[in-house]
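Worksheet: one structure, shown below.
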Ligand code: SF4
Ligand code: SF4
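Numbering (my numbering), first residue to last: 6 to 232.
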């Protein structure tokens with residue numbers, strides 16, 4: 006069904022229909038892992054939207070406490086599009102009111118190609134350095150970067166090069182043992198798209214588009230996202 010957060014005109018047309026659809030049965034809230042956290046009850050979010058109280062929903066904690074796991078929507082007997090409702094409420098909040106560092110990460114990713122702003126040269130140096138260290142254990146190992154024709158293109162969660170670089174060695178060891186052909190890229194390698202979490206469709210699309218461009222230009226067969 007259509008999302009509940011609509012233009013005023015669309016809402017006037019459909020609000021009564023949504024009101025009729027929701028049975029207030031509570032099945033959604035009953036299976037929700039965060040019901041009760043900061044007062045979250047997904048039925049209340051539905052009711053706010055149905056009553057046209059969009060701004061109250063947008064300003065509330067509900068959309069941000071929600072993990073976007075989708076259990077409520079899966080369980081809803083009326084197939085109400087709860088995920089779209091909650092995520093679009095995130096997207097309609099002013100960007101400077103997005104909680105935590107999420108929007109800053111989106112801006113950083115758009116500017117530098119990763120959420121924490123690691124410069125290209127530093128990133129490449131880190132991978133080469135770690136690769137050389139691992140080669141002492143795995144003869145001939147090196148980290149493939151921008152390798153055309155590799156079978157797998159790996160994106161990377163920026164928290165690894167930023168804070169836990171040795172963690173990358175775990176999956177590098179697996180790929181070495183499997184003798185797989187893979188690569189990562191020197192630019193736009195971020196695999197965690199915070200545009201998804203902030204409801205920012207334009208940013209999400211731009212970030213995905215850059216990865217797809219890398220994938221096509223390198224002629225890879227599979228794309229691997231860590232998150
Ligand atoms: S499960 Fe669906 S119908 Fe029942 S209260 Fe939740 S949104 Fe309404
Ligand atoms: S999507 Fe959000 S509201 Fe629905 S069950 Fe998951 S956490 Fe709860």
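Cβ coordinates follow ideal geometry from the N, Cα and C atoms, glycine included. Given the structure is predicted, the values throughout are model-derived calculations rather than measurements.
In the structure shown, what three-state DSSP assignment does residue i receive?
{"i": "residue 229", "result": "strand"}
{"i": "residue 195", "result": "strand"}
{"i": "residue 190", "result": "coil"}
{"i": "residue 105", "result": "coil"}
{"i": "residue 19", "result": "Low per-residue confidence applies at residue 19: pLDDT is 49, beneath 50, and the placement is therefore not dependable, though the value from the model is reported in the following sentence. Helix, per DSSP."}
{"i": "residue 2", "result": "Past the edges of the chain, shown from 6 to 232, lies residue 2, and the structure says nothing about it."}
{"i": "residue 39", "result": "coil"}
{"i": "residue 183", "result": "coil"}
{"i": "residue 91", "result": "helix"}
{"i": "residue 6", "result": "Only weak support exists for where residue 6 lies, its pLDDT of 48 falling under 50; the value from the coordinates is given anyway. Residue 6: coil per DSSP, three-state reduction."}
Only counting the same chain, and skipping five residues up and downstream in sequence, which positions put a Cβ closer than 7 Å to that of residue i?
{"i": "residue 42", "result": "70"}
{"i": "residue 122", "result": "113"}
Report all residues from its chain with a CB closer than 6 Å to the CB of residue i; omit the five preceding and five following residues, and keep chain order.
{"i": "residue 51", "result": "27"}
{"i": "residue 225", "result": "155 and 158"}
{"i": "residue 198", "result": "209 and 212"}
{"i": "residue 77", "result": "33, 37, 47 and 87"}
{"i": "residue 140", "result": "146"}
Please state if the CB of residue j and the CB of residue i are separated by a distance shorter than 8 Å.
{"i": "residue 223", "j": "residue 155", "result": "yes"}
{"i": "residue 219", "j": "residue 163", "result": "no"}
{"i": "residue 151", "j": "residue 188", "result": "yes"}
{"i": "residue 169", "j": "residue 196", "result": "no"}
{"i": "residue 192", "j": "residue 116", "result": "no"}
I need the boundaries of the alpha helix (DSSP H) containing residue i, first residue and last residue.
{"i": "residue 211", "result": "206-223"}
{"i": "residue 35", "result": "32-35"}
Does the beta carbon of residue i come closer than 8 Å to any beta carbon on chain D?
{"i": "residue 39", "result": "The structure shown contains no chain D, having only a single protein chain."}
* To do: Could you name each continuous beta strand (DSSP E) segment of 3 residues or more that falls completely within the region 114-172, going from the start of the chain to the end?
  => 157-159
* What beta strand (DSSP E) runs, 3 residues minimum, are completely inside the region 43-82? -> none
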